[in-house]
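Step one of this worksheet: look at the structure below.
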Amino acid sequence: MKRLLIVSNRLPFNIEKNGEEMVVRQSSGGLVSAIKGCFESNEEHGHFEEKMWIGSLESTPEDWQDANNRGLIPPDFSITPLFTPKEVYEKYYNGFSNSTIWPLFHYFPSLVQYHRDCYEAYYKINRLFAEKISEVYQPGDVIWVHDYQLMLLPQMLRERFPDAIIGFFLHIPFPSYEIIRLLPTEWKINILRGILGADLIGFHTHDYVQHFIHSTKMILRVDTQFNTIQFNNRLIKVDLFPIGIEYQKFRKAITDDVVVNISTSLEHRFIGQKIIFSVDRLDYTKGLNYRLKGFEEFLERHPEWREKVVFIFNIIPSRDLIPEYISRRKEIQEQVSSINGRYSTLHWQPLIYRYNHLGFEELCALYQSADVALITPLRDGMNLVAKEYIASCIDKGVLILSELTGAASELNEALLVNPTDSTEVANAIYEALTMPLIEQRSRLSYMQRRIAEYNVSKWSNDFLTELLGAKSEQQKQKVNLLDKDELASILEDYRRSEKRCILLDYDGTLAPFQKLPVLATPGDDVIDLLNAMCHDERNHVVIISGRDVETLEKWLGALPVTLVAEHGACIRYKNEKWVEQVSATPEWKDQIRPLLELFSSRCVGSFIEEKRNTLAWHYRNTHPDLGFIRSRELRNSLMQLTANTPLQVIDGNKVLEVRLVGIDKGATCQKIMARLEPDFTLCLGDDTTDEDMFRLLRDTAYTIKIGSGSTAAEYTVLSQTEVVPLLQKFVQETEVVH
Numbered sequence: 000m001k002r003l004l005i006v007s008n009r010l011p012f013n014i015e016k017n018g019e020e021m022v023v024r025q026s027s028g029g030l031v032s033a034i035k036g037c038f039e040s041n042e043e044h045g046h047f048e049e050k051m052w053i054g055s056l057e058s059t060p061e062d063w064q065d066a067n068n069r070g071l072i073p074p075d076f077s078i079t080p081l082f083t084p085k086e087v088y089e090k091y092y093n094g095f096s097n098s099t100i101w102p103l104f105h106y107f108p109s110l111v112q113y114h115r116d117c118y119e120a121y122y123k124i125n126r127l128f129a130e131k132i133s134e135v136y137q138p139g140d141v142i143w144v145h146d147y148q149l150m151l152l153p154q155m156l157r158e159r160f161p162d163a164i165i166g167f168f169l170h171i172p173f174p175s176y177e178i179i180r181l182l183p184t185e186w187k188i189n190i191l192r193g194i195l196g197a198d199l200i201g202f203h204t205h206d207y208v209q210h211f212i213h214s215t216k217m218i219l220r221v222d223t224q225f226n227t228i229q230f231n232n233r234l235i236k237v238d239l240f241p242i243g244i245e246y247q248k249f250r251k252a253i254t255d256d257v258v259v260n261i262s263t264s265l266e267h268r269f270i271g272q273k274i275i276f277s278v279d280r281l282d283y284t285k286g287l288n289y290r291l292k293g294f295e296e297f298l299e300r301h302p303e304w305r306e307k308v309v310f311i312f313n314i315i316p317s318r319d320l321i322p323e324y325i326s327r328r329k330e331i332q333e334q335v336s337s338i339n340g341r342y343s344t345l346h347w348q349p350l351i352y353r354y355n356h357l358g359f360e361e362l363c364a365l366y367q368s369a370d371v372a373l374i375t376p377l378r379d380g381m382n383l384v385a386k387e388y389i390a391s392c393i394d395k396g397v398l399i400l401s402e403l404t405g406a407a408s409e410l411n412e413a414l415l416v417n418p419t420d421s422t423e424v425a426n427a428i429y430e431a432l433t434m435p436l437i438e439q440r441s442r443l444s445y446m447q448r449r450i451a452e453y454n455v456s457k458w459s460n461d462f463l464t465e466l467l468g469a470k471s472e473q474q475k476q477k478v479n480l481l482d483k484d485e486l487a488s489i490l491e492d493y494r495r496s497e498k499r500c501i502l503l504d505y506d507g508t509l510a511p512f513q514k515l516p517v518l519a520t521p522g523d524d525v526i527d528l529l530n531a532m533c534h535d536e537r538n539h540v541v542i543i544s545g546r547d548v549e550t551l552e553k554w555l556g557a558l559p560v561t562l563v564a565e566h567g568a569c570i571r572y573k574n575e576k577w578v579e580q581v582s583a584t585p586e587w588k589d590q591i592r593p594l595l596e597l598f599s600s601r602c603v604g605s606f607i608e609e610k611r612n613t614l615a616w617h618y619r620n621t622h623p624d625l626g627f628i629r630s631r632e633l634r635n636s637l638m639q640l641t642a643n644t645p646l647q648v649i650d651g652n653k654v655l656e657v658r659l660v661g662i663d664k665g666a667t668c669q670k671i672m673a674r675l676e677p678d679f680t681l682c683l684g685d686d687t688t689d690e691d692m693f694r695l696l697r698d699t700a701y702t703i704k705i706g707s708g709s710t711a712a713e714y715t716v717l718s719q720t721e722v723v724p725l726l727q728k729f730v731q732e733t734e735v736v737h
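Numbering-wise (numbering that gives the first Met the number 0), the sequence shown opens with residue 0 and increments by one.
In structure tokens, the structure reads:
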């Protein structure tokens with residue numbers, strides 16, 4: 000049995016105190032509604048023995064204790080409050096979270112504020128969350144972090160608890176790379192690294208998933224395959240989980256006496272009129288001004304509907320301290336007054352404007368009474384109001400929905416509009432008001448079945464099941480990892496042996512990949528390591544590389560090692576001279592080179608590397624997606640061009656190579672093994688070209704693949720940075736013996 004720790008910026012309630020009177024009120028927002036619904040649901044969620052919610056609370060610790068003593072805190076789950084310094088929290092929440100991340104992620108770059116002190120406050124509050132979680136965390140706990148205020152937290156937790164099960168869900172849009180790159184370099188790198196501390200990262204839509212993966216590829220240069228990311232020696236899954244609602248809760252409200260009474264009074268008040276309804280927080284992302292403009296254009300274009308329709312326009316107060324929100328509220332009030340002043344009569348007012356919180360019963364009554372719901376934000380991660388309205392409709396109702404919401408991909412039977420196009424919104428209002436009842440019911444039935452099936456419980460169960468599955472996949476990946484016990488066994492075999500062969504690839508194994516091959520010079524640590532290994536006369540070290548003769552001679556020629564260039568085209572055995580292993584003339588290059596040059600011109604950042612017996616096309620420095628696409632096109636072209644020739648095309652790590660058939664590391668390795676006849680062989684490599692060696696040596700050597708992915712090697716080491724420390728252990732064994 001596991002505990003589920005839900006972590007969000009705020010707890011699901013606020014404590015309001017007026018003298019001796021104390022009230023606990025549920026916080027507003029889709030996140031709180033959704034997660035609270037999960038906790039209160041009767042369904043099991045991964046069979047957790049306990050559910051704990053961790054979040055900040057504006058009240059004092061004394062008020063919290065007082066509310067607890069009075070029994071005002073909901074008993075549905077454990078609560079762990081975080082009390083933060085007011086000034087730091089202000090810069091974290093109203094500053095970085097809502098004046099930097101919120102506008103940027105909602106595609107309002109002109110409103111973004113870039114203040115370093117606010118970013119530093121964001122970092123501090125995330126760290127306080129990590130410290131609070133550390134106080135309550137137990138091994139085996141599942142930690143589910145929510146939303147944009149806590150994007151640094153997963154990695155902070157990962158550093159404290161490397162084996163923890165951590166999920167992260169973003170409830171707002173994740174923008175395209177062109178938007179995210181506007182952040183200062185340090186901030187965007189830390190945010191992406193922070194999110195990648197999770198084992199599973201969830202978004203509402205496929206687009207958000209792809210934006211995130213693309214951004215990590217461009218900014219962090221991570222390796223990805225489908226919806227998985229390889230980062231910091233871990234496999235991280237990214238997927239879409241469109242959040243749902245408590246469908247049955249809204250269906251049950253249809254027969255609730257309080258709801259029925261409010262709904263009935265609304266219908267009596269507006270008898271003979273159609274009701275249009277919208278409810279939103281005060282926010283520039285909601286497109287409220289455009290919505291009012293669309294309604295105004297409808298009244299102008301369709302005078303026959305005047306005095307026959309009323310628009311109940313409810314705004315929920317939000318972030319009242321941020322100047323942008325204060326001015327936005329003033330603009331809306333002026334616009335409402337203008338529309339009412341222009342179209343009102345003695346007996347009718349087209350707009351009923353409310354700036355206030357709505358209770359659940361009042362909200363459900365408005366949903367049920369409304370003939371049309373006008374939900375047209377400019378950007379929205381999902382928009383649960385649209386789903387709640389559909390769930391509340393009995394036998395009539397039309398949803399007009401912005402095509403820029405996450406919900407639009409699920410509720411495609413709604414009338415989808417561009418929220419900035421007032422004419423399209425006006426036409427949609429007219430279509431909704433005149434839509435035949437049978438069509439309304441047909442559209443509703445499709446949407447209701449869909450959101451009833453994928454409700455909030457299904458959403459949370461899906462995420463948590465996938466999270467545990469992602470962790471299980473990581474464990475499977477570790478099965479092949481070289482662990483301490485296996486390394487100890489290899490070292491013991493090494494210690495007992497008398498004639499050893501150590502085969503080492505260069506790029507990606509001894510040295511990290513660089514933007515240009517010429518930059519991958521061996522560091523002092525590598526030279527010292529190779530010298531130390533060669534100092535033991537029982538060791539025969541072989542550097543088996545795709546590099547050309549001149550480069551290997553320049554970098555490693557002074558060492559008493561065997562050097563293999565171009566995968567075996569040339570060999571220089573220890574203390575001997577270079578010997579070419581092929582005798583073919585290089586005219587074939589003249590046929591291949593023009594094709595490589597063509598693709599280099601079509602793919603910025605790619606380049607050609609020419610060696611004595613090899614032509615290589617590198618695309619490591621290209622745009623990741625473009626480079627991969629061009630490499631597939633080039634590979635297909637090369638395969639056709641080299642058909643029925645003695646040439647082969649090798650698909651390496653961000654490189655395509657063309658060389659003669661029969662020259663590969665496997666064949667070369669076979670020659671070396673036959674010559675040396677060792678009683679101990681160790682082979683390390685990272686690339687597709689090294690797989691030939693791994694297959695050949697499968698039963699006679701210790702083979703180690705550097706990096707993730709399927710391999711014929713017996714063991715895996717996930718990072719190139721682990722190679723030198725690993726080989727140092729073999730040097731230490733020699734020193735111990737001596």
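All residues carry an ideal CB built from backbone N, CA and C; glycine is no exception.
Methionine 217 - DSSP class collapsed to helix/strand/coil: helix
Which listed residue (Leu597, His617 and Pro593) has its alpha carbon closest to that of glycine 604: His617
Simplified DSSP assignment, three categories, for asparagine 313: strand
Stretch pair the segment 517-532 + the segment 702-717: three plus CB contacts closer than 8 Å: no
Secondary structure of serine 630, DSSP reduced to three states: helix
Cα-Cα separation, lysine 728 to glutamate 491: 11 Å
Cα-Cα separation, aspartate 686 to glutamine 229: 16 Å
Residue range of the beta strand (DSSP E) that includes leucine 373: 371-374
Inter-residue spacing [alpha-carbon to alpha-carbon] between arginine 2 and threonine 464: 14 Å
C-alpha distance - serine 718 paired with proline 724, whole-angstrom precision: 11 Å
Arginine 250 to tyrosine 207 span [Cα, whole Å]: 31 Å
Neighbour-count burial assignment, isoleucine 703, 16 or more Cβ in a 10 Å radius: buried
Run of the alpha helix (DSSP H) containing arginine 115, from where it starts to where it stops: 115-135
Three-state class that DSSP yields for glutamate 485 in the structure shown: helix
Assigned secondary structure, cysteine 392 (DSSP; H/G/I helix, E/B strand, else coil): coil
Sheet register partners of valine 278 (DSSP bridge): Asn313
Distance between phenylalanine 310 and glycine 293 (C-alpha atoms, nearest Å): 12 Å
8 Å CB neighbourhood of isoleucine 511 in its chain, flanking five on each side removed: Here the sequence assigns proline to residue 511, which means isoleucine is not the residue at that position. These residues qualify, in order along the chain: Ala519, Gln719 and Thr720.
Contacts around lysine 395, its chain only, beta-carbon distance under 7 Å, and the 5 residues preceding and following it disregarded: Asp370, Leu436 and Gln439
Limits of the alpha helix (DSSP H) - the one that aspartate 524 falls within: 523-534
Distance between beta carbons of isoleucine 5 and lysine 50, contact taken as under 8 Å: 7 Å
Valine 335, enclosing beta strand (DSSP E) - first and last residue: No beta strand (DSSP E) contains valine 335, which is instead part of the alpha helix (DSSP H) from 322-342.
Exposure label - lysine 483; buried when at least 16 CB within 10 Å: exposed
DSSP state of threonine 223 mapped onto helix, strand, coil: strand
Cα-Cα separation between asparagine 226 and arginine 157, rounded to whole angstroms: 21 Å
Cβ contact (3+ pairs, closer than 8 Å) linking the segment 279-292 and the segment 370-382: yes
C-beta contact flag for tyrosine 445 and glutamate 412 at 8 Å: yes
Segment contact, 8 Å Cβ cut-off, at least three pairs: the segment 496-506 with the segment 540-555: yes
Other residues of its chain near histidine 44: CB distance less than 8 Å, five sequence neighbours each side excluded: In this prediction, histidine 44 scores a pLDDT of 49, lower than 50, which makes its location untrustworthy; no coordinate-derived value is stated.
Local Cβ density within 10 Å of glycine 626, reported as buried at 16 or more and exposed below that: buried
Buried versus exposed, by CB contacts within 10 Å (16 or more), leucine 597: exposed
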